[in-house]
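Scroll down for the structure; my scribbles are underneath it.
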Amino acid sequence: MAQAAPVIQPDLELSYEMPEQVTLLSDAWRRLKRNRLALVGAVIIGLLFVTALISIVWTPYPTWLQAVGPTYQPPSAAHPLGLDQAGRDILSRIMGGALITVQVGVGSAIIVSLIGIPLGLLAGFYRGKVDTVISFFINIWYGIPDLLVALILVFVLSDALHLIPRGVLVIVIAFSLTRWMDVARLVRGQALALREREFVEAARMSGARDFALLARHILPNALGPIIVQATFAIPAAVLFEAFLSFLGLGLPSPTPSWGAMAADGYHGMDFAPHIVLAPTIALSLTLMAFNWVGDGLRDAFDPRMRR
Amino acid sequence: MTRIAVFRSLAVAVGAVSMLAACGGGNNNTSENLASDQTLSFPMVDDVGNLDPGTMSAAVDIDIFRNTYSGLYKFDDQLNEVPDIATGAPQISTDGLTYTFKMKNNVKFSNGDPVKADDFLFSWNRAAAIQGDYASVFQPVAGYDAVANGKATEMTGLKKIDDYSFSATLSAPAAYWFTEVALWTAWVVDKKVVLAAGKATESNWASDPATAIGTGSFKMTARTPKQSIDFAPVSNWWGGSTGAITKVHIEIIADQKSSLTKYESGNFTLIGFANQSLDPDDVVRYNSDPQLKKQLQLLPSARTTWIGFNFCEGAGKPSKNCTKGNPFAGDAGKLGREAFSLAVDRDQLVDIACSKGTACFKATGGVITKGLKGYLGDNTDPWAVFDKAKAQSLFKQWDPDGSKTKNLVYTYNTSGFNKAVCDNLASQWQANLGVKMQCTAQDRASFFNARTKCSYPIFRHSWGADYDHPQDWFDFLFVTDAGSGGACYSNSQLDQMAKDANAKPLSQSLDTYKAMNKILVDNTVTGNLVYGIQQYVSPAYVKGVGGNALYDNYWTDVKILQH
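Keeping their order, the protein sequence lines are chains A and B.
Just so it is clear: in the first sequence, position 85 is 84 by numbering that gives the first Met the number 0, and no numbers are missing.
Just so it is clear: in the second sequence, position 512 is 511 by numbering that gives the first Met the number 0, and no numbers are missing.
And the structure:
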């Protein structure tokens, strides 16, 4: 009787753990949490959003109400950030300004993405004439001084044609129409690269249509850079609004725009610096926070930065 | 980085203020010994706009060139009209139509040319032909229309009697015209010099110091457009002494802060001449610092600012300029006008919009500015008081469902003051009436163009008097189709009263003008807000700085003491 060949038992000591399967977003979040500056930025942004939400239903004083106390009054217990040149409570206006900032920032990021993503996907996916036409427009828009065009747009849409009342919406539209190219170009590049990848080819071979390829395979895989780009668009829009309002070309008075508040306090800086300091500090913190978070997201989504 | 810059700026500012305060404290020299340097220097935000008396209209220009030109009459410090080149008051015919003027025979232009009746006839005909903003000064003179329309070159009403006297015949009695003869449009220019430089109606000669010849105590000696203008006293001036000042230097500096910095470092003698003002925050700083306050003068100026209400009730009604009805118009809108006026706490407005009362003070005596003829008296305007309860009651009667004030827009021409006023009105009306109003700024040209057509339902209005005569207010603002009205107000009773009053000397017509002013108040035609203030800043050792409601002091009044 033939003896059975000995069975080689696997050496259990040599087995190794399989790497944990993680999604792109969870992986990015894990690395983002390690970035302290980004976390500080996220906390500031969180506070900004909370403040903005609270200001919808409550501020210590109405943001428009003048003469709640003596003009130029420095910070006090009743008015922690003091009063401005019209006797308005600066804390209330900073809170109201937070809402404006969120509206302008988020609104602009959304519209920029809504314009830039489809155009970038179409250009990168179809290439050829579609890409030529869209890239031509992108290059044309890049050649136009964006600030000047945005200023003209605000004037034309609000003051000349009276199509949109002077307010947040017209600022968002003017900004978005002059800044959509960054997202479009970025998405185009992503689509150009992704369309050649095996998983896209496999999906195409299994009968997926163009829209499904773009929506289910290419866009989700380009999402990381898009989020980063959108995050950087927010401080740009906020700064744009503040700049316009500082020049008196932005939101109408008495809207508590931080830029307009800084302009109001500018001339009294030598004897009432609190009027200009409060909005500029709020604006600076907000811009820094979005930039820190943007940097953090960029690192988190970048596969070369894996640690 | 930002904080460092801010604190550095603050430190510099604090240091500068401290130094200035220290200097101010030590400069209480009341000696009448004159300083060796008698250069009067001051800044202007903009260059002069017009140097030709025939086309001049801006207060800035007039304040400067009333030192280089003069006419038959002028206004003294109390705004009384007194003879200048004329020997006395004109002889007026019994029908009130013909004015005979007699001139001093020793008057000379700054180039030595004698001033004769021909020069006046030339100057006045020329001004009528040029059709500057104030050419209408000569509108009462017979033959004006033909010259204004270019059909004639000389007004038929002007007649030379001899070298030193002439007459002016009016087409209809206009007693106020004698006041207008003292205005800049009626200043005399050197016929010989103007014609040597070109056509009579050209103005190039007035911009060139060599040919800008007048009869005032000073003459222009140098000018670099948009940079500076210099003047010097006229040697052997026909009027006598030209005072202590030996040179006047005006610099054009757009930034008020920079001007003040130069003043504080001793590079300007004063700020405030030529209708200039300080940055609002700086006025507050000067007014609140005991040492700096000694340098600041706040004098009433002849300007009233009010809420303009649109009186159009429909297309062509009551004025040809009307295109549609407005909620504030007519009797139906009276409650609304009253409510909006009563809902304004003018003390708060003055505190905020007038930089704590340094730029204006509350208007409580009608639309004609306090200090001018026709003023009704303090606290005579019952709608210029703050009464929130009454305002709310009237408002509820007038606009119970808020439909009349939905999307209400108050329009003003762009300026820091107008914006501050509008913002404060918006705040007060929202707080006191619950009306949410939007402030809209327009560029000056667009604003005036639209306002002339009565396009705005509610708007900023103001008037700076040209001369101290109520006719200046009613004819330009409140008679039917008045050129600068903007409200399309029309009242046949007021029109008739204006016509009657204008034909009589002011001594006989002042009560009528006041009654007309009262009509405006009773009907809340204007929501009177504030009267103006002119600011002057000068060290204690500079004497004679200031002015009256209409004009700065003459430069001949200024002297610089040793310091």
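Where is the CB? At the ideal position from N, CA and C, for every residue including glycine.
Only a predicted model underlies this, so the values are computations on that prediction, with no experimental measurement involved.
What are the boundary residues of the alpha helix (DSSP H) that includes residue 275 (chain A)? 273 to 300
Taking the alpha carbon of residue 386 (chain B) as the point to measure from, which residue in B:428, B:401, B:399 has its own alpha carbon closest? B:428
Taking residue 536 (chain B) as part of the beta strand (DSSP E), name the residues at either end of that continuous run. For residue 536 (chain B), the enclosing beta strand (DSSP E) covers residues 525 to 536.
Is residue 56 (chain B) near residue 247 (chain B), with beta carbons less than 9 Å apart? no
If contact is defined by three or more beta carbon pairs under 8 Å, each pair taking one atom from either stretch, is the region 371 to 384 of chain B in contact with the region 425 to 442 of chain B? Between the region 425 to 442 of chain B and the region 371 to 384 of chain B, the count of C-beta pairs closer than 8 Å stays below three; the two stretches do not touch.
With H, G and I counted as helix, E and B as strand and the rest as coil, what does DSSP make of residue 55 (chain B)? coil
Anything in chain A within Cβ reach of residue 91 (chain B), meaning under 8 Å, just list it in chain order. The contacting residues do not exist; residue 91 (chain B) stays about 52 Å from chain A at best.
C-alpha gap between residue 490 (chain B) and residue 524 (chain B), whole angstroms: 11 Å
Does any residue of chain B bring its CB to less than 9 Å from the CB of residue 58 (chain A)? no
When Cβ atoms are compared, which residues of the region 104 to 117 of chain B fall closer than 9 Å to chain A? The region 104 to 117 of chain B vs chain A, Cβ under 9 Å: nothing.
Confirm, please, whether the CB-CB distance from residue 70 (chain A) to residue 350 (chain B) is below 9 Å. yes
Threshold first: 4 residues or longer. Then list the alpha helix (DSSP H) segments lying entirely within the region 119 to 160 of chain B, N to C. 143 to 147
Have a look at B:555, B:89, B:231 and flag the residue whose alpha-carbon is nearest the alpha-carbon of residue 180 (chain B). B:89
Among B:288, B:270, B:281, B:36, the one whose alpha carbon lies nearest that of residue 269 (chain A): B:281
Distance between residue 413 (chain B) and residue 396 (chain B) (C-alpha atoms, nearest Å): Between the C-alpha atoms of residue 396 (chain B) and residue 413 (chain B) there is a straight-line separation of about 34 Å.
When DSSP labels each residue in this structure, what does residue 265 (chain A) get in the three-state scheme? helix
If we cut at 9 Å on Cβ distances, does residue 437 (chain B) have a partner in chain A? yes
Nearest to residue 191 (chain A) (by Cα), restricted to the options A:125, A:292, A:98: Of the candidates A:125, A:292, A:98, the one whose C-alpha sits nearest the C-alpha of residue 191 (chain A) is A:125.
Per DSSP, which residues does residue 549 (chain B) bridge with? Please list them. According to DSSP, residue 549 (chain B) bridges with nothing at all.
What is the rounded straight-line gap between the Cα of residue 243 (chain A) and the Cα of residue 267 (chain A)? 20 Å
Residue 448 (chain B) touches chain A at which residues, Cβ-Cβ below 7 Å? Neighbours of residue 448 (chain B) on chain A: none; closest Cβ ~15 Å, over 7 Å.
Name the DSSP beta bridge partners of residue 80 (chain A), please? None, per the DSSP bridge assignment.
Give the DSSP-derived three-state secondary structure of residue 336 (chain B) in the structure shown. Collapsing the DSSP output to three states places residue 336 (chain B) in a helix.
9 Å is my cut-off, CB to CB: does residue 23 (chain B) come that close to chain A? Reliability fails at residue 23 (chain B), whose pLDDT of 37 lies under 50, so the model's placement of it is uncertain and no value is given.
Consider the Cβ of residue 256 (chain B): report whether some Cβ of chain A lies at a distance smaller than 9 Å. yes
Output the residue ranges of the alpha helix (DSSP H) runs that lie fully inside the region 269 to 293 of chain B and measure 4 residues or longer, sorted by chain position. 279 to 287, 289 to 292
I need the boundaries of the alpha helix (DSSP H) containing residue 378 (chain B), first residue and last residue. Residue 378 (chain B) -> no alpha helix (DSSP H), and no H or E assigned at all.
Beta-carbon contacts of residue 240 (chain B) that lie in its chain and below 8 Å, excluding the five residues immediately before and after: Take residue 240 (chain B), set aside five residues on each side of it, and the residues of its chain with a beta-carbon closer than 8 Å to its own are 555, in chain order.
So with Cβ pairs under 9 Å, would you call residue 161 (chain B) a contact of chain A? Not closer than 9 Å to any Cβ of chain A, the Cβ of residue 161 (chain B) fails to qualify, so no.
Spatial distance of residue 164 (chain B) from residue 494 (chain B) (CA atoms): Their backbone Cα atoms lie some 35 Å apart in a straight line.
Go to residue 167 (chain B), then tell me how far its beta strand (DSSP E) extends in each direction, as first and last residue. 164 to 168 is the span of the beta strand (DSSP E), which, as asked, contains residue 167 (chain B).
What is the DSSP secondary structure of residue 228 (chain B), reduced to helix, strand or coil? Strand.
Going by other Cβ atoms of all chains shown within 10 Å of its Cβ, with 16 needed for buried, is residue 322 (chain B) buried or exposed? exposed
So, with DSSP's three-state summary, where would you put residue 321 (chain B)? coil
Using CA atoms only, rank isn't needed, just tell me which of B:236, B:481, B:224 is closest to residue 212 (chain B). B:236
Would you be able to state if there are at least three C-beta pairs under 8 Å between the region 148 to 166 of chain A and the region 179 to 186 of chain A? no
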